[in-house]
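S.K.:
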Amino acid sequence: MLLIFGTRAVEDLLRTLVFVCRVCGQRDEQRILRRRTRLSLFFVPVLTVSTRYLLECSHCGTVSPISKEEAQGSVRWAGNSDQ
Numbered sequence: 003m004l005l006i007f008g009t010r011a012v013e014d015l016l017r018t019l020v021f022v023c024r025v026c027g028q029r030d031e032q033r034i035l036r037r038r039t040r041l042s043l044f045f046v047p048v049l050t051v052s053t054r055y056l057l058e059c060s061h062c063g064t065v066s067p068i069s070k071e072e073a074q075g076s077v078r079w080a081g082n083s084d085q
């Protein structure tokens, strides 16, 4: 019997915000990303193994991990400032 399985990372862009980067200190676009690692069986995603939230600076390219609460708070804050 042949069993084909593996993992794959999937990135979702949650929001793009403009604020000061933690690393380079420039005020530029910061992308809030959700990266999920999914286990697949016969090329069909079966379950999510891990979820990470990341902050990516478009100026210096630094990608730093953030907590789920920070990511959700930033998205919520951006939603309130759009109005």
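In this note's numbering, each number is its position in the sequence shown, counted from 1, plus 2. All C-beta atoms in this analysis are idealised placements derived from N, C-alpha and C, irrespective of residue type, glycine included. Quantities reported herein were computed from a predicted structural model and do not represent experimental measurements.
Beta carbon of Gln32, beta carbon of Leu57: below 8 Å?
M.R.: Here residue 32 is taken as the residue at index 30 of the sequence shown, counted from 1. Here residue 57 is taken as the residue at index 55 of the sequence shown, counted from 1. It is a contact, given that the beta carbons lie within the stated cut-off.
S.K.: Take Leu1 as the anchor and find which of Gly75, Leu5 and Arg10 has the nearest alpha-carbon.
M.R.: No information on residue 1 is available, as it lies outside the stretch 3 to 85 that the chain covers here.
S.K.: How about Ile34 and Ser76: do their beta carbons lie closer than 8 Å?
M.R.: Taking the sequence shown and counting its residues from 1, one reaches residue 34 at position 32. Taking the sequence shown and counting its residues from 1, one reaches residue 76 at position 74. Yes, they are a contact pair.
S.K.: Assuming Ser52 and Thr39 make a contact with CB atoms under 8 Å, what is their CB distance in whole Å?
M.R.: For the purposes of this step, residue 52 is taken as residue 50 along the sequence shown, with counting starting at 1. For the purposes of this step, residue 39 is taken as residue 37 along the sequence shown, with counting starting at 1. The Cβ separation is near 5 Å, so the contact holds.
S.K.: Which of the three DSSP states is assigned to Gly8 in this structure?
M.R.: Mapped onto the sequence shown, residue 8 falls at position 6. Gly8 falls in the strand class under three-state DSSP.
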